[in-house]
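Number of protein chains: 2
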Amino acid sequence: MRASEKAYTTLRGDIVDWRLPPGTVLAEVELSARLGVSRTPVREALARLTAEGLAEPQSGRGTVVSGISLDHVDELFELRSALECRAAELAARNRDPAVFLELHRQLGNAGRLITEQDPARRDYYRLAGELDTAIDDAAGNHYLAQALKSLRVHLVRVRRLSKDNPARLREAAREHADIAFAIANGNAAVASAATTVHLDNSLRHLLQGGAAPS
Amino acid sequence: MRASEKAYTTLRGDIVDWRLPPGTVLAEVELSARLGVSRTPVREALARLTAEGLAEPQSGRGTVVSGISLDHVDELFELRSALECRAAELAARNRDPAVFLELHRQLGNAGRLITEQDPARRDYYRLAGELDTAIDDAAGNHYLAQALKSLRVHLVRVRRLSKDNPARLREAAREHADIAFAIANGNAAVASAATTVHLDNSLRHLLQGGAAPS
DNA sequence: GCAAGCACTTTTGTATACACAACTGGCCGA
DNA sequence: TCGGCCAGTTGTGTATACAAAAGTGCTTGC
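Here the protein sequences come in this chain order: A and B.
For what it's worth, the UniProt record's numbering labels the leading residue of the first sequence as 1, then goes sequentially.
For what it's worth, the UniProt record's numbering labels the leading residue of the second sequence as 1, then goes sequentially.
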């Protein structure tokens, strides 16, 4: 793996997982020492992180981890809503019904994935990720998929910020199942509406504290 | 001005204005010689351009100017529609009516800006840009504004691809005026609908050849 | 005692040298 | 004659040295 890739991956993970909290100063020499590479690949990694919005240039000099607080999560969800509703509509038009019926079925049973044995909810989030991927693929729009991809980085960061709540997670799974079903049926309006409802519920639980965002 | 900034600005302009057509190889040594800076700032500029989607890494080695063709303009406009409709809705809720009434007035008179004396339509595009900025400001959503900003780079590139058409430009100005009016009235649904109509007309004229995209 | 200026330190910006990988050309063998 | 291999060349990836700029703290003068 290239040194710049390694630096980027490591830093990105550290920021997303809140090991580097917002405001942390990202000094090139210190990072190059810590990561065991020279400043050049570190600079490249910082440039990529800045472009993604995970870091931002400090006034005048230096780079810091960008802030993300519940104050601005509503803005993030507004963008998310715009993108995901449109993606759901497009997917409903172009979908392969079998794919989404299968996802609908799996999501209907997703409650049993949320157990105490898997505190990170890996299985659940994997399934939710599969729905996202299926929607992106069915929508068939490169630019939209790209915009969603860069958005999801920030969403993961928010998710880590909140405690997850098994009851809310089970509700969310049902909402996801509704979305998959509407897409399977080719009903764009319902798919969009179901997405709106899901995101509104997610945001509300998130802001009330302790709920999982998706 | 910093050398990396200069390299970035120059290359970005060259790509947007089609002086560097899609597929052009961006070789670091050649660029550093041409721009009169060393490879380091050139690399930084290429990284930024790649992050924006104006350039993309070639298979294995090197960087090339990314392609954009009419084949994919419909996808670009789908994303644009999702973002701008939402922005218009948000702006309609939070707007200062006076700002948008003034824009409505100016856009109503924009026909006279489209003269043979200004073949680049600088005054017209400046006014259209002011509407965009006013909507972004009124929407008050950092993430949405950021997504729109990165989208507009590609739109400018498409615009340069097409000949502009004075008649279509005058129509577009009227459509913009409609959008401004709906926002001034605080009517989110109409603002969104007017945006949809405008973008649909723009895209159709663009694909029919010879029309201006905004 | 406070403020202003200067020097020092720290950090980023730029240049360049070196390492390595991939493509290209020619040459040799089958 | 064609195909494969090897060497040379070219270009990117990384490291590091040097330059410049900005912040900080001290000193000095008022």
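Glycine included, each C-beta is placed from N, C-alpha and C at the ideal position.
Through-space distance from residue j to residue i, alpha-carbon basis
| i | j | result |
| --- | --- | --- |
| residue 212/A | residue 70/A | Low per-residue confidence applies at residue 212/A: pLDDT is 47, beneath 50, and the placement is therefore not dependable, though the value from the model is reported in the following sentence. So the two alpha carbons sit approximately 13 Å from each other. |
| residue 89/B | residue 182/B | 10 Å |
| residue 135/A | residue 114/B | 43 Å |
| residue 163/A | residue 121/B | 53 Å |
| residue 14/A | residue 48/A | 14 Å |
| residue 87/A | residue 178/A | 15 Å |
| residue 123/B | residue 184/B | 22 Å |
| residue 27/A | residue 4/B | 19 Å |
| residue 200/A | residue 62/B | 44 Å |
| residue 2/B | residue 191/A | 49 Å |
| residue 128/A | residue 152/A | 12 Å |
| residue 203/A | residue 157/A | 14 Å |
| residue 32/A | residue 42/A | 6 Å |
| residue 99/A | residue 101/B | 49 Å |
| residue 133/B | residue 59/B | 38 Å |
| residue 24/B | residue 145/A | 25 Å |
| residue 106/A | residue 142/A | 27 Å |
| residue 116/A | residue 175/A | 22 Å |
Run of the beta strand (DSSP E) containing residue i, from where it starts to where it stops
| i | result |
| --- | --- |
| residue 7/B | Premise fails: residue 7/B lies in the alpha helix (DSSP H), 3-16, not in any beta strand (DSSP E). |
Residue i, DSSP secondary structure in three states
| i | result |
| --- | --- |
| residue 211/A | With a pLDDT of only 41 at residue 211/A, under 50, the local geometry of the prediction cannot be trusted, and the value read off the model is given with reservation. The answer is coil: DSSP assigns residue 211/A none of H, G, I, E or B. |
| residue 116/A | coil |
| residue 37/A | coil |
| residue 149/A | helix |
| residue 20/B | coil |
| residue 201/A | helix |
| residue 192/B | helix |
| residue 162/B | coil |
| residue 32/A | helix |
Strand pairing of residue i, partner residues [DSSP]
| i | result |
| --- | --- |
| residue 63/A | 57/A |
| residue 25/A | 64/A |
Whole-angstrom C-beta distance between residue j and residue i, which should lie under 8 Å
| i | j | result |
| --- | --- | --- |
| residue 131/B | residue 103/B | 5 Å |
| residue 198/B | residue 165/B | Incorrect: roughly 15 Å between the Cβ atoms, too far for contact. |
| residue 79/B | residue 66/B | At roughly 16 Å, the Cβ-Cβ gap does not stay under 8 Å, so residue 79/B and residue 66/B are not in contact. |
| residue 194/B | residue 111/B | Going by Cβ atoms, the distance from residue 194/B to residue 111/B rounds to 18 Å, so no, they are not a contact pair. |
| residue 7/B | residue 37/B | 6 Å |
| residue 169/A | residue 73/A | Going by Cβ atoms, the distance from residue 169/A to residue 73/A rounds to 18 Å, so no, they are not a contact pair. |
| residue 39/A | residue 29/A | 7 Å |
Endpoints, the alpha helix (DSSP H) within which residue i is located
| i | result |
| --- | --- |
| residue 94/B | 73-94 |
| residue 169/A | 166-184 |
| residue 122/A | 122-139 |
| residue 110/B | Careful: residue 110/B lies outside any alpha helix (DSSP H) and carries neither H nor E. |
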